[in-house]
Structures are given as structure tokens and as C-alpha cells.
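Participant: Pasting a structure here, questions to come.
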């Protein structure tokens, strides 16, 4: 049963990392696309890009926090 908790924690971190990578790829692609279409908007778009990137980066941090909770709090109680 303890192995299931460790597997769940690993799966949480893995899915969050993959989702964040996909999100950054889409966000960067859209930034380059919009900047190529309207170069005069580049500073505004770049500012918004960094705000969204910061919010997007919070997702794996929350997942790592929950995974650490599973590993260090839940797993020892399940083990006995």
C-alpha cells in the first residue's frame, strides 16, 4: 500500500511537468506568432508572457508540494 502512495506522488510530479512543458511550448509559440504579426506590440506581449509564465510555473510547484505531503506524511501513516 505504501508503494501506491509513492507511485501517486511520482505520477503527480510527472503529469505536472509534462503539462507545464506543453503549456510553455504553446505560450512561447503564440508569443512568437503574435510578435511576428505585430512587431510594435512586442514589449506589451512580452510583459504579459512573463506574467502568464509565472502563473503557469505555479502548477508544478503545487504538485511538488502535494507530492511531498504524500511522501512524508501519508506514506508513513499507511506503512504502520
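In our numbering, the protein residues as written are 773 to 852.
Think of the CB as a built atom: it goes at the ideal place given N, C-alpha and C, for glycine as much as any other residue.
On a predicted model such as this, the values are computed, not experimentally measured, just so you know.
Determine, using beta carbons only, whether residue 843 and residue 781 come nearer to each other than 7 angstroms.
Facilitator: Yes, they are a contact pair.
Participant: Using only the alpha-carbon positions, how far apart do residue 785 and residue 779 sit?
Facilitator: Each residue's alpha carbon lies about 10 angstroms from the other.
Participant: Do residue 828 and residue 800 count as a contact pair if the criterion is CB distance below 7 angstroms?
Facilitator: Cβ distance not < 7 angstroms, so residue 800 and residue 828 don't count as in contact.
Participant: Identify whether residue 810 lies in helix, strand or coil by the three-state DSSP scheme.
Facilitator: Note: residue 810 maps to coil in three-state DSSP.
Participant: If you follow the alpha helix (DSSP H) that residue 850 is part of, which residue opens it and which one closes it?
Facilitator: It spans 847-851 - the alpha helix (DSSP H) in which residue 850 sits, taken as one unbroken run.
Participant: Can you find the residues in the same chain that come closer than 7 angstroms, C-beta to C-beta, to residue 864, ignoring five residues on each side of it along the sequence?
Facilitator: The structure shown has nothing for residue 864, since the chain only spans 773 to 852.
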